[in-house]
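A short write-up of the structure that comes next.
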Amino acid sequence: MLKKIQRRFVLAAMAAFGLVMLLIIVGINTANYYKTTSMQDRLAKELLSQEQTVQERPKMPPRARDILKRDPETAFMTRFFTVHCDTDGRVKEVLRDNISSVDEQTAKEYAQAVFSRDREKGYYKNYRYLMGRSEKGVSILFLNSAIQLQSMRSLLLVSLAIGLFSLLTVFFLVLVFSRRAIRPYLKNLEQQKQFITDAGHELKTPITSIATSADIAAMEHEGDEWIENIRRQAARLTKLVGDMVALSRLDEETPFLKKDRFSLSEAAWEIAEPFTQLAKAKGKHYGQQIEEDLTFFGDRDAIQRMISILLDNAIKYSDDGGEIRLQVYRRRSKVCIEVTNTCRLQDVSNLDRLFDRFYRLDESRSTATGGTGIGLSMVRAIAETHGGKATVQSADGREICFRVIA
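Read in order, the letters of the sequence shown correspond to residues 23 to 428 in this note's numbering.
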């Protein structure tokens, strides 16, 4: 129990911190991307607007010079070339006076690749391109953005590295201090379990006294309905107290002192046999399919008790003349135990709450059957202490299936 609580605490803390770090990393890199791209687009737009024919075009357009006045060094880092095409994408001329690393053939290939994208702007390899359309055709300016792209990649890698380092550091610190953080909760839980155990022992004496007195009174007043009711309620209280103490023990860190590998097939056959006659006596149809040679590592008594609770629950709450099925089989590396019964459910939206302690879909019917409302909680607890899980589902409200996978 301690390990499970500690694990959940660590997972919750790391999930919250990880989400915050992810948002920070995404926010920083997104803001940097849009800021860098926006600056590249403004510069490309001014350069493209001033582009002329080869004979008339100056080395650096006047309006572009105004943009570069803020940082004179930018002029030496600005490398670009322009490709003029007709409306069909055929290259008419290539202007590359402001770049030397790209030849004319490469520039044409870049232009044709970008033209086929049918996007006004974007990144192509290490260039930010901007497409301008006019009556004469299409002009595509390629602005060298290798430095900016490398800067964005570096920021992304650095932020990811810092995020990962922070995540590992916080994980270590949370792991170290988690036991101290959950100590008040564990103390509360221990007090609760101790109270249940003590209350169970204290209640046994008066309940036994009531049951004994009722048995003696029944001998003198045979057939008295009030005495019979006292005996039924005393038996119900005895079962309730026993289930509460057993459920409290399942919350301990090591509820089963002895786990062995045993034959699950034989254990299932053994515990299911009495229910065949019980179902028949109640006018219900019972069937089972238990795969042979199934083995399982765990507490045999606890697994048998889990199957018994599921079958008892199915017989009690199935409709008149209904069907109950038990299936035990292997699915991949896991063992699956299924108990299905026909029923009439009005609402199937809260079925998972059936595993909550004392929760009942139909209070009046549950009371009439003598249920305590703890059985299914014990099923889930036994499944979880064996490293498995218990689920319930009903497709149409006419049949309900409890499944344990471990």
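For glycine and all other residues, C-beta sits at the position ideal for the given N, C-alpha and C. Quick caveat: nothing in here was measured; it's all calculated off a predicted structure.
- According to DSSP, N166 shares a beta bridge with Y149.
- Distance from Y145 to F164 at the Cβ level is roughly 10 Å; contact not present, criterion being Cβ atoms closer than 8 Å.
- Excluding its 5 nearest sequence neighbours in each direction, A256 has C-beta neighbours in its own chain below 7 Å: I229, I232, A233, A236, listed in chain order.
- The continuous alpha helix (DSSP H) containing Q134 extends over residues 126-139.
- Residue pairing by DSSP puts K411 in a beta bridge opposite I427.
- By the beta-carbon neighbour count (other beta carbons within 10 angstroms, threshold 16), V105 is buried.
- Counting every other CB atom within 10 Å of its CB across the protein chains shown gives Q127 a total below 16, marking it as exposed.
- With respect to the 7 Å criterion, K411 and I427 are classified as neighbours on the basis of their beta carbons.
- DSSP links Y308 through a beta bridge to I346.
- A contact between stretches requires three or more CB pairs, one per stretch, nearer than 8 Å, and the stretch 123-141 fails this requirement with the stretch 183-197.
- The DSSP-derived three-state label of S287 is helix.
- For L332, the enclosing alpha helix (DSSP H) starts and ends at 322-339.
- Judged by beta-carbon spacing, N372 lies beyond the 7 Å limit of A336, meaning their Cβ atoms are not closer than that value.
- Residue state for E360 is assigned as strand, using DSSP reduced to three classes.
- The stretch 188-207 makes no contact with the stretch 58-70, as fewer than three CB pairs between them are under 8 Å.
- Residue environment for V116: buried (at least 16 other C-beta atoms within 10 angstroms of its C-beta).
- The bridge partners DSSP lists for C107 are V113, V160.
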